[in-house]
Every structure is written in structure tokens, then in C-alpha cells.
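Chemist: So for the sequence shown, my numbering puts the first residue at 17; every next one is plus one.
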Amino acid sequence: MNTHHPPDPASNGNGATLPTARILIVDDHPTFRRGLAAAIAEHPDLVVCGEAEDAQKALDAMRRLKPDIAIIDISLPGTNGIELIKQMAAEQPGLGFLVLSMHDETYFALRALRAGARGYVMKAEAPAEILAAIRKVQRGDLYVSPRLGDRLIFRAIQSLEDGAGSLVDRFSDREFEVFQLLGKGMGTREIAESLHLSGKTVETHRAHLKEKLGCKGANEVVRFAIDWVTKEAS
Numbered sequence: 017m018n019t020h021h022p023p024d025p026a027s028n029g030n031g032a033t034l035p036t037a038r039i040l041i042v043d044d045h046p047t048f049r050r051g052l053a054a055a056i057a058e059h060p061d062l063v064v065c066g067e068a069e070d071a072q073k074a075l076d077a078m079r080r081l082k083p084d085i086a087i088i089d090i091s092l093p094g095t096n097g098i099e100l101i102k103q104m105a106a107e108q109p110g111l112g113f114l115v116l117s118m119h120d121e122t123y124f125a126l127r128a129l130r131a132g133a134r135g136y137v138m139k140a141e142a143p144a145e146i147l148a149a150i151r152k153v154q155r156g157d158l159y160v161s162p163r164l165g166d167r168l169i170f171r172a173i174q175s176l177e178d179g180a181g182s183l184v185d186r187f188s189d190r191e192f193e194v195f196q197l198l199g200k201g202m203g204t205r206e207i208a209e210s211l212h213l214s215g216k217t218v219e220t221h222r223a224h225l226k227e228k229l230g231c232k233g234a235n236e237v238v239r240f241a242i243d244w245v246t247k248e249a250s
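1) With 16 other CB atoms within 10 Å as the buried threshold, where does residue 235 fall?
2) What's the C-alpha gap between residue 184 and residue 225?
3) Does the region 121 to 128 come within contact of the region 88 to 102, defined as at least 3 CB pairs closer than 8 Å?
4) DSSP puts residue 198 in a beta bridge; with which residues?
5) Measure the C-alpha to C-alpha separation of residue 115 and residue 63 and round it to an integer number of angstroms.
6) Inspect the beta-carbon positions of residue 102 and residue 131 and report whether they are closer than 7 Å.
7) Of all the options 94, 50, 40, which has the alpha carbon lying nearest to the alpha carbon of residue 74?
8) On the CB-based measure, 16 or more other CB atoms within 10 Å of its CB, does residue 149 come out buried or exposed?
9) Less than 6 Å between C-beta atoms, sequence neighbours within five positions excluded: which residues of the same chain meet that for residue 230?
10) Exposed or buried, which one is residue 243 when buried takes at least 16 other CB atoms within 10 Å?
11) Enumerate in chain order the residues of its own chain whose CB-to-CB distance from residue 94 is below 8 Å, with the five nearest sequence positions on each side excluded.
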């Protein structure tokens, strides 16, 4: 008969055991939060100290519970996850952030890292990969997938050669979310539902995108977005 033994606590790479990490989970899907919390609970040196479904509750929980790590989704009601990281980091600079999202890392990981995240993992990854990312953040290291690491190096070299950033770098984080979903063929109503926004707010973001891209009309913005998403995915 096999006996289950809990995994050994993580070390800092020098043989010393890391202290127990208190983790705050920020995601608007209760079922996902429960599943992630259950997976984390299998490791004795990782403790889920709280959960939150939106930015304001996350800020309240951070102030009250003083977590060591915050695992944050990008798509949240109201303020998105990237903006939330900026707000939380301003109040608690020592907090480690890991983004765990359904959004393709190709589009959002660099923005999350710039905002202060120490890692980016897609929800479709295996539990072992998610744990590896948590361990990296726990040690104060940076986690990116090998695929993303290669892309980041390529884009950094490309930016140096071009001498300037991409047009999409001018977008706010929320505008970039809208732009990416436009590029996937979504309409205003679908985008509003996906990002927990009103249709009017989505239309405002589309107007800002049109202005920043120098497009003549809404259809031109959509064509630009589709071309950009197709190119990035290739």
C-alpha cells in the first residue's frame, strides 16, 4: 500500500528552507479559486490566506492579511489585473505578483512584467508548471515559459533595431485588452461581457484606439487589430 507524503518545502537554492508563503488569490471565478486553493493546500509551506473577486476586494484583503504572494487574473470586473498590480505594488512594494490568466502570454505577459509581476502563467498549463511559477516568485526570481522567453528576447532585439517601440505600446492596458479581442473578431457586446465592462466603455476605448492608430474609421481599427493578432500568433 502506497502512503502519500506531503512534498518537501521549497528551498532557496542554497539548501535553506524558505519560510511559509501566504498567498492571496484574485480571480472572479469562485470555482477556479477553490480549485487553485486546494492545489496549493497540498504543499505545507504554502498557505492561501485569502481570496478576492475584484480589485477593490483584493486591495482590502492585501491591507488586512499582508500576503507574501498575490496570484492575479488579468480580466477582473472594473480595474483589470495589470492596473491592480500597479496599485498593490505602490502600497506593498515587497509583495510578489504572479499573473495566472486565460489570456495568451504573447499579448499580455510583457505588460504584466512591466507593471511589476514576477511571473506569467496561462491557466491551461499543468498544475506542476503553475507550482513551479509560484516557487520562482516565492524565491524572488522571475518566471516566464521557455516559449515566452524566446519571444521576449526576439522582441527586445527587434525594438533595438527599429529604434522605437510598437504602435500598440501606446495603448493603456485596458485599451490593449479591447484591441486584442477586436483582433480575434469580437464585437462590442462580446468584448463588454468578456471584460465586465459596459458597451459604452468599450466604444470609448475603441475611439481612443482609432485616435492613437490614426485610423479613419472603426472598420480600419478592426482590420489593423486582426492583422496585428495574426502576425503575433505566427
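Ideal placement from N, C-alpha and C gives every residue a C-beta, glycine not left out. Fair warning: this is a prediction, and the values are worked out from it, not measured in the lab.
Modeler: For this structure:
1) Residue mapping note: residue 235 aligns to position 219 of the sequence shown, counting from 1. The residue in question, residue 235, is exposed, as its Cβ has fewer than 16 Cβ neighbours within 10 Å.
2) Along the sequence shown, read from residue 1 onward, the residue named residue 184 stands at position 168. Along the sequence shown, read from residue 1 onward, the residue named residue 225 stands at position 209. Cα to Cα, the separation comes out at about 9 Å.
3) yes
4) Reading the sequence shown from its first residue, position 182 is the one you call residue 198. DSSP output for residue 198 lists no bridge partner at all.
5) On the sequence shown, residue 115 is found 99 positions in, with the first residue counted as 1. On the sequence shown, residue 63 is found 47 positions in, with the first residue counted as 1. Using only the alpha carbons, I get a separation of about 18 Å.
6) For the purposes of this step, residue 102 is identified with residue 86 of the sequence shown, where counting begins at 1. For the purposes of this step, residue 131 is identified with residue 115 of the sequence shown, where counting begins at 1. Yes, they are a contact pair.
7) If you number the sequence shown from 1, residue 74 lands on position 58. When each option's Cα is compared against that of residue 74, the closest is 40.
8) Reading the sequence shown from its first residue, position 133 is the one you call residue 149. Answer is buried; the Cβ neighbour count reaches 16.
9) Position 214 of the sequence shown, counting from 1, holds the residue named residue 230. The answer is none, since no qualifying residue turns up.
10) One-based indexing of the sequence shown puts residue 243 at position 227. Classification for residue 243: exposed.
11) For the purposes of this step, residue 94 is taken as residue 78 along the sequence shown, with counting starting at 1. Taken in chain order, the residues that qualify are 70, 71, 72, 212.
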